[in-house]
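Worksheet: one structure, shown below.
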Amino acid sequence: MPNSTLLDTIIARLCSARGVLLVGHLAADGDSLGACLGLWHLLRARGVPAYVVGAEKVPARFSFLPGSGSVIVESTGLPDYWDVVVVMDCGDWDRTGLSDALLRREDKNLQLRGEVTIINIDHHQTNRGLLGMAWVDPSYAAVGQQVLALAEQADLRVTPDVATCLYTALATDTGFFRHSNTTGAVLRDAAKLLEAGADMRAVVEHCLQRKTLAELCLLRGALASLTQECDGRVTVMEIPFTVFTSCGVEEAEMEGMIDYARAVPGTQIAVLLRAVQAGITKVSFRSRGNNDVSVVAVSFGGGGHPNAAGCTLPLPISDARAAVLAAVRQVLACG
Ligand code: AMP
Ligand code: MN
Ligand code: MN
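If you're matching positions, the sequence shown starts at 3 in my numbering and goes up one per residue.
Okay, structure coming up:
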């Protein structure tokens, strides 16, 4: 159940806004984009001028989302006015990849016309609740599920477009209803979204069953790199920068790759290291049971959930591997 006083305050602020920027995190996923676009449709139907703004263009995988064509890339222009910024699916501004100026100014002429209200809607356990008016609740499987709760509390109609966006958020963040965050409430909410007209087949087709040639090229390289540590309790995948560039891959095409490492029997923690730029390595962690990988991710400046977390290290892949495996070994007490 939502904290209704906080949620009512957020709803009142959103509905009285004269311009709302909706922002997710870098390397957008189904939840950050689905939640932003779901709330975008809801606010616009209510007559509130709203804009989804990102640091990067919408990945091809998500271009089926209703409204994705209206997403604004910061570097190509901003709306004339906004007085509220909603940060979704992450807990610090750096993760949005957007300039700080968006939080300080209200128009493109840099004329400050009053405070910008920051609202943070997130479900990450590692979110410390320091970003503006923060509605952070890890009992939700996805921010899209929080947006559905908001719509219900505010009595806003969930149209088929809203439902498709929110269903995408819920389906992708639960691994299509397979992760341990798939509660009865999640399935009830998914049912509501289907009944509201969510295009479930489109979501499955684009987010689950679509594998581009570039992604399969990358998968080949990643599978070839599989190694194990800690007597098979840790399975590691690596994607060196050369493989990344020769396959010509987009970030959103990485979804699900780490699941192959996690799938190997005996694996308690799976680690995927990818050199996204020379000297910059992104690390993903997945775990089974009580092995909390968010602690490891946080120790390297990242975050996430107990069984799925990530961080980015300013190190070449081999150095990043040594650093994170030392921390993973500590979690598993395998010297
Ligand atoms: P990924 O491995 O990228 O699928 O991310 C797994 C989880 O960790 C997601 O909930 C992400 O939002 C979170 N996460 C990944 N990278 C970071 C980071 N650099 N900082 C904070 N959270 C992250
Ligand atoms: Mn996310
Ligand atoms: Mn999420």
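Just so it is clear, CB atoms sit at the ideal spot from N, CA and C, and this is done for glycine as well.
Best match in the options for proximity to residue i [C-alpha to C-alpha]
i, options, result
"VAL60", "VAL87, LEU28, PRO81 and ASP85", "LEU28"
"ARG106", "ARG97, GLY99 and VAL86", "VAL86"
"VAL238", "LEU189, ALA193, ALA198 and VAL285", "VAL285"
"PRO318", "ASP91, VAL278 and PHE287", "VAL278"
"ALA328", "ALA310, ALA299, HIS181 and PRO308", "ALA299"
"VAL149", "VAL333, LEU41, GLY21 and GLY32", "LEU41"
"GLU76", "SER70, MET90 and GLY56", "GLY56"
"VAL22", "SER182, ARG323, ASN122 and LEU218", "ASN122"
"LEU221", "MET259, ARG290, VAL205 and VAL297", "MET259"
"GLY250", "ALA280, ARG159 and CYS219", "CYS219"
"GLU58", "TRP137, LEU35, VAL295 and VAL188", "LEU35"
"ARG48", "VAL160, GLU252 and ALA272", "VAL160"
"LEU100", "ASP321, SER70, VAL145 and VAL54", "VAL54"
"GLY146", "PRO162, GLY186, ASP191 and SER182", "ASP191"
"ARG20", "GLY71, GLU117, ALA30 and VAL138", "GLU117"
"GLY93", "SER6, CYS38 and ASP124", "ASP124"
"TYR169", "ASP91, GLY199 and ARG290", "GLY199"
"ALA37", "THR214, VAL50, ASP82 and SER70", "SER70"
"CYS17", "VAL50, SER6 and THR7", "VAL50"
"GLU340", "ASP82, VAL326, SER6 and THR214", "Any property of residue 340 remains undetermined from this structure, which presents the chain solely from 3 to 337."
"SER182", "ALA322, PRO308 and VAL245", "PRO308"
"GLU231", "VAL326, THR78, LEU104 and PRO316", "VAL326"
"GLY177", "ASP261, LEU39 and PRO316", "ASP261"
"PRO162", "VAL333, ILE13 and GLU197", "GLU197"
"ALA272", "ASP82, VAL333, ARG203 and LEU39", "VAL333"
Residue i vs residue j beta-carbon contact at 8 Å
i, j, result
"THR11", "MET135", "yes"
"GLY303", "GLY312", "no"
"ARG15", "THR98", "no"
"ALA265", "LEU274", "no"
"LEU152", "LEU9", "yes"
"VAL25", "VAL73", "no"
"THR184", "ALA156", "no"
"ARG1", "ALA310", "Only positions 3 to 337 of the chain appear in the structure, and residue 1 is not among them; the question remains open."
"LEU133", "TRP84", "no"
"ALA216", "PHE243", "no"
"GLU257", "ALA62", "no"
"VAL205", "THR166", "yes"
"VAL164", "LEU44", "yes"
"GLY268", "GLY234", "yes"
"ASP102", "ASP33", "no"
Neighbour-count burial assignment, residue i, 16 or more Cβ in a 10 Å radius
i, result
"PHE179", "exposed"
"SER141", "exposed"
"GLN270", "buried"
"ARG276", "buried"
"GLY337", "exposed"
"ASN293", "buried"
"LEU158", "buried"
"TRP283", "In the sequence as displayed, the identity of residue 283 is Thr instead of Trp. It counts as buried."
"SER301", "exposed"
"ASP201", "buried"
"SER296", "buried"
"ASP31", "buried"
"ALA335", "exposed"
"ALA193", "exposed"
"ALA324", "exposed"
"LEU80", "buried"
"LEU189", "exposed"
heavy atom of ligand 5 below 7 Å from residue i C-beta
i, result
"ASP175", "No copy of ligand 5 appears in this structure; the ligands present are ligand 1, ligand 2 and ligand 3."
Subject >> At least three beta-carbon pairs within less than 8 Å, the stretch 208 to 221 to the stretch 61 to 74 >> reply: Judged by Cβ distances under 8 Å, the stretch 208 to 221 makes contact with the stretch 61 to 74, as three or more pairs qualify.
Original post:
How do the stretch 126 to 138 and the stretch 160 to 177 stand: do at least 3 beta-carbon pairs fall below 8 Å, yes or no?
Top reply: At 8 Å Cβ cutoff, the stretches do not touch.
Subject >> Residues proximal to ligand 2 by C-beta, any heavy atom closer than 6 Å >> reply: Here the residues come out as HIS27, ASP31, ASP33, SER34 and ASP91.
Original post:
Is there contact here, the stretch 219 to 230 with the stretch 239 to 247, by at least three beta-carbon pairs under 8 Å?
Top reply: Flag = yes, the stretch 219 to 230 and the stretch 239 to 247 touch.
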